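Engineer: Can you keep this structure in mind? I'll have questions shortly.
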Amino acid sequence: MTAVAISGVTKVFNPGRPDEVLALSDVDLTVADGEFVSLIGPSGCGKSTLLRLIADLIAPTTGTVTVAGTTAAQARRDQAYGIAFQQAGLFEWRTVRRNVELPLELRGAGRAERRAKAEEMLELVGLSEFAGHYPGQLSGGMQQRVAIARALAVQPPLLLMDEPFGALDEMTRERLQAELLAVCAATGTSTVFVTHSISEAVFLSDRVVVMSARPGRITAAIDVKLPSRDEAGRQAPAYFDKITEVRKALRG
Amino acid sequence: MRRFLAVLAGLLTGAAAWEGYKAVGNPDGTVLFGVRVLPRADDLSMPHLWTIAERLGAPELTGGRPVWRVVVDACLFTLGITTAGFVAGALIGLALAVAMQRFRVVERGLLPYVIISQTVPLVALAPLIAGWGGVLMPPWATVAVIAAYLAFFPVAVGMLRGLQSPSAAGVELMRSYAAGWWRTLVTLRLPAALPYLFPALRLAGAAAVVGAVVGEISTGTRGGIGRLLIEYAREATSDPAKVYTAMLGAALLGLLVAGAVSLLELPLMRHRRHVEVATL
Amino acid sequence: MRRVVPPVVVGVLALVLWELTVTLGRVAPFILPAPSAIGAQILEQRGNIVDAALASGANALTGLIGGTLLAILAALAASRFRLLGEVSVPFAAVLNALPIIALAPILNNMFESTSSVPRRLVTGIVVFFPVFLNLLRGLREVDPVHQELMRTYAAGGWTFARKVRLPGALPHLFTGLRQASSLAVIAAVVAEYFGGLQDGLGARITSAAAFTAYPRAWAFVAGACLLGLSFYLVTLLLERLAMPWRTRLIS
Ligand SMILES: Nc1ncnc2c1ncn2[C@@H]1O[C@H](COP(=O)(O)OP(=O)(O)O)[C@@H](O)[C@H]1O
Ligand SMILES: [Mg+2]
């Protein structure tokens, strides 16, 4: 089964008004089960728009979006995906643990189950000791890890991420990339990952989807097969070759 | 325009509620457990709105000037006092804010008192400042002192927030230009403080009005709207609509001051973002 | 240490300076009594001060609670119904700029001037506006990321209100309450200058001033200050308890 199938999708904002924008034009994209796909492109090319279509935060003007075999709207109601944004978006009045518990709470999970799950997810992102802290007491990188733990808490088959590491420094970024890969490998989650960093896209992805702006569309899809995704992988010639390939595709 | 319509709608709703309550309410009020929980609806306690309007046009005393003239004159008199108090209070507040920004130790020593003095009813001092009239200053000036006193807190606190609002990057940039404290104040801190200053001035304007009205009453200063309010309230049993005309005058005064302060910011705030300022 | 010493030094210096100015400068008590004279009166009148403060405190508290509850209900309604919110915010902002305390003599006519109702009503009305305006602002401001997130959880309107909107508005509610708590004491004390029942601090201050017992009047003013301060501090304490996630009060 495919995790995400998008066919013939067009998105027009403010149709019929003077500020009409053709944000996406005729986009087709399939994400296989367990696949890690990155969306990369200049800002304003519609990466976030595409991700939000998958999340059913907005509806396509034409075309269809299928998530986990059903409509995007149904998938959202089933909490079939977890999502993380560039801003961690934590609730400052909840402790770290209760932030991670929130999606479970809204599913009606019992107290003990929620707690166990949240502990497990915090363990996964290495923040167990901070479960009782409030978000205001954590650094930016730690907050982003909590947001990822929250996205993973319902163990969704699909993970959607919109520049989640965009506001972090390079060191934190690389550490979180490694953690994210480990989590996805352990849980078999499919991932759609928006970024504007070429190296990040190449390092993380099975496939890098390159987009261009005005109108937003997909111009290339580059398969990446690195020998390993670790420090050695970052030194491998194949890694640099792929970076060059993506860069060329971005230049058009 | 929208604001104006909203205020108009609010006024109409209020007027309808007033007359509606008069129509259905018990003329002697509603008493529960010995406490009158709803007001008397008779014409003595709640005159019809048109009675109040008519009263505005009628002479104050037989053969005297019409009430509206008296009320407007009283408003202008109090407006003068309020303005004097507002300007003095705002200037003192500004000076204090600059001093607190300049010297850390002044901020540490004074700011707690400035904040505390906002939380305590120091306007209660008004009857005591009345004693200064005729000795230290003319009687009207004691009222202005009270108004100034209430106006300076919001300005001092709001302006201090504003002067401290520039980012470290901005301050360091000025340092890299070898700009001294004064240049930094004039080119960076003062412009950055404007969005904080104007909401504070609006609070100060409203506070100065309250100070002037309360001050007139407790110092017994004649000629202003606060005094008129008390005089007309004493005549309420024989001439109930009169006190409402004075209340309208007090509202008019509040509007005048709020409007004037808002006009101040128009030319300076056109391209600026607006911030919320809590001075407490 | 560095936070405590400067205000204490300033306070002590000011008191000493005040005392010296008054005694050495032979300032008449009706201009400014000496702090020592005021202190003596505070000790002598402590029973009366406490009684008057309890009366004014009861008025302020009743008005504060009543006005706050009404403001919370009104703000919830105004955030729920768009039109109501659009109309009420500018209207309330204008009313808030008016000297509401001037309603006191009118309320004295509408109710008995021998009951506590008029003073409590004035206090309630004064309290209503800051709470209403601040809370409504808080209810309307929702972080767009939170909004999207709750949508991805398919959360309904009620869940959204309970988990996001209400807790998110709490800091704004307390901003309003901080202002309201000190306004309540001010209104309850000053309302007595406009007539009505005379059993609180305001009446004590005016009558002492009328008898030219200025140090005594100042002693009651000091009582009023303590009352205002305790209202404010209790509000701060409640804020602390209600929002343990806040590391700093008063941003
Ligand atoms: N809600 C919206 N209303 C109008 N235009 C929008 C909206 N969201 C995005 N757009 C426009 O759609 C285009 C793509 O935006 P976006 O998907 O956010 O780009 P990216 O994430 O790749 O930087 C941009 O031109 C943007 O201005
Ligand atoms: Mg984007």
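Protein chains in written order, with my numbering: chain F, 1 to 252; chain W, 253 to 532; chain E, 533 to 783.
Cβ atoms here follow ideal geometry from the backbone N, Cα and C, with glycine treated the same way.
All values reported here derive from a predicted model rather than from experimental measurement.
#1: To the nearest angstrom, how far is it from the Cα of Arg-578 (chain E) to the Cα of Ala-584 (chain E)?
#2: Which residues, in order along the region 501-520 of chain W, keep a beta-carbon less than 8 Å from a beta-carbon of chain E?
#3: With H, G and I counted as helix, E and B as strand and the rest as coil, what does DSSP make of Ile-782 (chain E)?
#4: Would you identify the three-state DSSP class for Lys-253 (chain F), choosing helix, strand or coil?
#5: Indicate whether at least one CB of chain W lies closer than 8 Å to the CB of Glu-551 (chain E).
#6: Apply the 10 Å Cβ neighbour rule to Pro-279 (chain W) and answer buried if 16 or more other Cβ atoms are within range, or exposed otherwise.
#7: Strictly below 8 Å CB to CB, what residues from chain F border His-678 (chain E)?
#8: Which of the three DSSP states is assigned to Asp-162 (chain F) in this structure?
#9: Do Thr-471 (chain W) and Ala-208 (chain W) count as a contact pair if the criterion is CB distance below 8 Å?
#10: For a cutoff of 8 Å on Cβ pairs, would you count Gly-69 (chain F) as touching chain E?
#11: Give me the subset of the region 658-688 of chain E whose CB atoms are less than 7 Å from a CB atom of chain F, sorted by chain position.
#12: At a threshold of 7 Å, does Lys-47 (chain F) count as lining ligand 2 (C-beta to nearest heavy atom)?
#13: When DSSP labels each residue in this structure, what does Leu-388 (chain W) get in the three-state scheme?
#14: Which runs of the alpha helix (DSSP H) fall wholly inside the region 342-429 of chain W and span at least 4 residues, in chain order?
#15: Could you tell me whether any non-hydrogen atom of ligand 1 is closer than 7 Å to the CB of Phe-13 (chain F)?
#16: Please indicate yes or no: does the CB of Asp-28 (chain F) lie closer than 7 Å to some heavy atom of ligand 2?
#17: Over the uninterrupted beta strand (DSSP E) stretch that includes Phe-193 (chain F), give me the two end residues.
#18: Rounding to the nearest angstrom, what Cα-Cα distance links Ala-310 (chain W) and Ala-503 (chain W) in this structure?
#19: DSSP state of Arg-524 (chain W), grouped into three classes?
#20: Quick check on this structure: which residue in F:Thr-187, F:Thr-191 and F:Met-142 has the alpha carbon closest to the alpha carbon of Met-161 (chain F)?
#21: If we cut at 8 Å on Cβ distances, does Met-642 (chain E) have a partner in chain W?
#22: In angstroms with no decimal places, state the Cα-to-Cα distance between Val-541 (chain E) and Gly-361 (chain W).
#23: Shorter than 7 Å, the distance from the beta carbon of Asp-162 (chain F) to the closest heavy atom of ligand 2, or not?
#24: Quick check: is the beta carbon of Pro-707 (chain E) nearer than 8 Å to any beta carbon in chain F?
#25: Going by DSSP, name the residue or residues bridged to Ile-6 (chain F).
#26: Taking 7 Å as the cut-off, is the CB of Gly-44 (chain F) close to at least one heavy atom of ligand 1?
#27: So that I know if they touch, is there some Cβ in chain E lying closer than 8 Å to that of Trp-433 (chain W)?
#28: Comparing alpha-carbon positions, which option in E:Ile-581, E:Gly-571 and E:Ile-604 lies nearest Leu-709 (chain E)?
#29: I'd like the ranges of any beta strand (DSSP E) spanning at least 3 consecutive residues and lying wholly in the region 286-333 of chain W.
#30: Can you tell which of F:Ala-151, F:Val-183, F:Thr-187 and F:Ile-198 has its C-alpha closest to the C-alpha of Gly-166 (chain F)?
#31: Listed from N- to C-terminal order along the chain, which residues in the region 565-586 of chain E have their beta-carbon within a distance smaller than 8 Å of any beta-carbon of chain W?
#32: Helix, strand or coil: how does DSSP classify Met-253 (chain W) here?
#33: Could you work out which residues of chain E lie near Tyr-239 (chain F), taking near to mean beta carbons separated by less than 9 Å?
#34: Assuming Val-100 (chain F) contacts Arg-150 (chain F) (C-beta within less than 8 Å), just tell me the rounded distance between them.
#35: So the candidates are F:Leu-90, F:Arg-94, F:Gly-140 and F:Arg-145; which of them puts its Cα closest to the Cα of Pro-676 (chain E)?
#36: Between the region 313-343 of chain W and chain E, which residues of the former have CB atoms less than 8 Å from a CB of the latter, in chain order?
Structural biologist: According to the structure data:
#1: As a first step, residue 578 (chain E) must be located in the third sequence, where it is residue number 46. As a first step, residue 584 (chain E) must be located in the third sequence, where it is residue number 52. Taking the straight line joining both Cα atoms gives about 10 Å.
#2: Ala-502, Ala-503, Leu-505, Gly-506, Leu-507, Val-509 and Ala-510
#3: Here residue 782 (chain E) refers to the residue found at position 250 when the third sequence is read from its first residue. Bear in mind that the predicted position of Ile-782 (chain E) carries a pLDDT of just 49, short of 50, making it unreliable; the figure below should be weighed with that in mind. Looking at Ile-782 (chain E) - three-state DSSP - the assignment turns out to be coil, as it is neither helix nor strand.
#4: In the structure as shown, chain F starts at 1 and stops at 252, and residue 253 (chain F) therefore has no counterpart that could be examined.
#5: Reading the third sequence from its first residue, position 19 is the one you call residue 551 (chain E). No, Glu-551 (chain E) does not count as interfacial toward chain W.
#6: As a position in the second sequence, residue 279 (chain W) is number 27, starting the count at 1. Exposed: under 16 other Cβ atoms inside 10 Å.
#7: Within the third sequence, numbered from 1, the residue matching residue 678 (chain E) stands at position 146. Result: Gly-89 and Phe-91.
#8: Here residue 162 (chain F) refers to the residue found at position 162 of the first sequence. Asp-162 (chain F) falls in the strand class under three-state DSSP.
#9: In the structure displayed, chain W extends from 253 to 532; residue 208 (chain W) sits before or after that span and is not available.
#10: Indexing the first sequence from 1 puts residue 69 (chain F) at position 69. Cβ-Cβ to chain E under 8 Å: no for Gly-69 (chain F).
#11: Asp-675, Val-677, His-678, Glu-680, Leu-681, Arg-683, Thr-684, Tyr-685, Ala-686 and Ala-687
#12: Position 47 of the first sequence, counted from the first residue, corresponds to residue 47 (chain F). Checking the Cβ of Lys-47 (chain F) against ligand 2 gives yes.
#13: Your numbering for residue 388 (chain W) matches position 136 in the second sequence. Coil, per DSSP.
#14: Within the region 342-429 of chain W, the complete alpha helix (DSSP H) runs of at least 4 residues are 356-371, 378-381, 391-415 and 420-428.
#15: Here residue 13 (chain F) refers to the residue found at position 13 of the first sequence. At least one heavy atom of ligand 1 is nearer than 7 Å to the Cβ of Phe-13 (chain F), so yes.
#16: Here residue 28 (chain F) refers to the residue found at position 28 when the first sequence is read from its first residue. Answer for Asp-28 (chain F): no, Cβ out of range of ligand 2.
#17: Here residue 193 (chain F) refers to the residue found at position 193 of the first sequence. It spans 190-194 - the beta strand (DSSP E) in which Phe-193 (chain F) sits, taken as one unbroken run.
#18: Along the second sequence, one-based indexing puts residue 310 (chain W) at 58. Along the second sequence, one-based indexing puts residue 503 (chain W) at 251. Their backbone Cα atoms lie some 20 Å apart in a straight line.
#19: Looking up residue 524 (chain W) in the second sequence gives position 272. Reduced to three states, the DSSP call for Arg-524 (chain W) is coil.
#20: Counted from its first residue, the first sequence places residue 161 (chain F) at position 161. Restricting attention to F:Thr-187, F:Thr-191 and F:Met-142, the CA atom closest to the CA of Met-161 (chain F) is found in F:Thr-191.
#21: Residue 642 (chain E) sits at position 110 when you count from the first residue of the third sequence. With 8 Å as the cut-off, Met-642 (chain E) counts as an interface residue toward chain W.
#22: As a working note, residue 541 (chain E) is residue 9 in the third sequence. As a working note, residue 361 (chain W) is residue 109 in the second sequence. The alpha-carbon atoms of Val-541 (chain E) and Gly-361 (chain W) are separated by roughly 8 Å.
#23: As a working note, residue 162 (chain F) is residue 162 in the first sequence. Result yes, Cβ under 7 Å from ligand 2.
#24: As a first step, residue 707 (chain E) is located in the third sequence; it is residue number 175 there, counting from the start. The amino acid at residue 707 (chain E) is misidentified as Pro; the sequence shows Thr. Contact of Thr-707 (chain E) with chain F is not assigned, every C-beta pair being separated by 8 Å or more.
#25: Translated into the one-based positions of the first sequence, residue 6 (chain F) becomes position 6. Note: Ile-6 (chain F) sits in a beta bridge opposite F:Leu-29 and F:Val-65.
#26: Against the first sequence, residue 44 (chain F) aligns to sequence position 44. Under cutoff, so the answer is yes.
#27: As a working mapping, residue 433 (chain W) is identified with position 181 in the second sequence. It does not: the Cβ of Trp-433 (chain W) has no partner Cβ on chain E nearer than 8 Å.
#28: Taking the first residue of the third sequence as 1, we reach residue 709 (chain E) at position 177. With distances taken between Cα atoms, Leu-709 (chain E) lies closest to E:Ile-604.
#29: 287-290
#30: For this step, residue 166 (chain F) is matched to residue 166 along the first sequence. Among F:Ala-151, F:Val-183, F:Thr-187 and F:Ile-198, the Cα nearest to that of Gly-166 (chain F) is on F:Ile-198.
#31: none
#32: For the purposes of this step, residue 253 (chain W) is identified with residue 1 of the second sequence, where counting begins at 1. In the structure shown, Met-253 (chain W) sits in coil (DSSP, three-state: anything other than H, G, I, E or B).
#33: Mapped onto the first sequence, residue 239 (chain F) falls at position 239. Per Cβ cutoff of 9 Å: no residues; Tyr-239 (chain F) is ~33 Å from chain E at best.
#34: Within the first sequence, numbered from 1, the residue matching residue 100 (chain F) stands at position 100. Within the first sequence, numbered from 1, the residue matching residue 150 (chain F) stands at position 150. The pair is a contact, with the Cβ atoms about 5 Å apart (cut-off 8 Å).
#35: Locating residue 676 (chain E) in the third sequence gives position 144, counting from the first residue. The option with the nearest alpha carbon to Pro-676 (chain E) is F:Leu-90.
#36: none
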